[in-house]
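Using the UniProt record's numbering, the letters of the sequence shown map in sequence onto residues 1 to 170. Please read the structure below before turning to the comments.
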Amino acid sequence: MNEIKGVVSNEIINNYNIGDTILASFPAGTFQLVENSKHHLFIGGGVGITVLLSMIHELNKQGKSNDAILIHCVHSEEYAAFNDELKSILPEGHYQLFFKDQRLGKDDLEKVLEANTQVYICGSVPFMDKMEGLLVECGHPSSQIHIEAFQPTLSIIKGAVKDEAETKVL
1 MNEIKGVVSN EIINNYNIGD TILASFPAGT FQLVENSKHH LFIGGGVGIT
51 VLLSMIHELN KQGKSNDAIL IHCVHSEEYA AFNDELKSIL PEGHYQLFFK
101 DQRLGKDDLE KVLEANTQVY ICGSVPFMDK MEGLLVECGH PSSQIHIEAF
151 QPTLSIIKGA VKDEAETKVL
């Protein structure tokens with residue numbers, strides 16, 4: 001079995017059992033769509049897609065899925081979470097997968113960037129650093145680059161019902 005590479009996922013899998021109580025906080029933050037933007041580029045690394053998916057759903061709900069382009073970088077198509085769902089939401093050519101043996105480069109970004117494109121990046125810190133560097137090489141304004149690390153924070157309480165609670169902030 002492949003190990004899941006997530007702090008919270010590994011904590012739960014390795015240290016908790018079926019029936020344990022886990023309390024998680026609701027999502028909080030400022031990573032959100034820029035209102036009135038005509039062009040949105042989403043760049044997701046691996047499971048970072050989960051954060052971007054809700055934003056893409058919001059554009060679709062507003063009838064603006066044509067304004068969105070998604071680049072999803074994954075090990076292989078088997079690792080592309082929400083693949084079928086995204087193909088059904090985004091117009092043809094607006095959902096691009098890049099696999100381990102492919103390199104997303106400056107040329108690829110320049111094909112989809114416009115001067116007023118708002119760019120949303122979510123993934124690991126090294127992935128986001130690389131993408132941000134490529135966007136800077138493209139001359140894209142930093143004010144239009146929005147990044148969100150996929151490192152959730154939550155409080156985990158084990159055995160709360162038994163008054164044997166242990167709280168961990170991950």
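All C-beta atoms, glycine included, are put in the ideal place defined by N, C-alpha and C. Since we're looking at a predicted model, the values are computed, not measured.
Cβ-based burial, residue i [other Cβ within 10 Å; buried from 16]
i	result
residue 13	exposed
residue 163	Any reading at residue 163 must be qualified, since the residue scores a pLDDT of 44, below 50, and its modelled position is unreliable; the value itself is stated next. With fewer than 16 other Cβ atoms within 10 Å, it is exposed.
residue 122	buried
residue 138	exposed
residue 115	exposed
residue 18	exposed
residue 59	buried
residue 156	Per-residue confidence for residue 156 stands at a pLDDT of 37, beneath the threshold of 50, marking its modelled position as unreliable; no derived number is given.
residue 125	exposed
residue 23	exposed
residue 48	buried
residue 15	exposed
residue 118	buried
Boundaries (first-last residue) of the beta strand (DSSP E) holding residue i
i	result
residue 97	95-98
residue 70	68-73
Cβ pair residue i, residue j closer than 8 Å
i	j	result
residue 42	residue 33	no
residue 106	residue 86	no
residue 71	residue 96	yes
residue 90	residue 98	no
residue 67	residue 38	yes
residue 112	residue 147	no
residue 73	residue 44	yes
residue 80	residue 50	no
Three-way DSSP call (helix, strand, coil) for residue i in this model
i	result
residue 127	helix
residue 18	coil
residue 144	helix
residue 136	helix
residue 13	helix
Residue i: first and last residue of the uninterrupted alpha helix (DSSP H) it sits in
i	result
residue 89	83-89
residue 109	106-112
> What are the start and end residues of each continuous beta strand (DSSP E) run of 3 or more residues lying completely inside the stretch 36-60, in chain order?
Replying inline: DSSP runs (the beta strand (DSSP E)) wholly in the stretch 36-60: 40-45.
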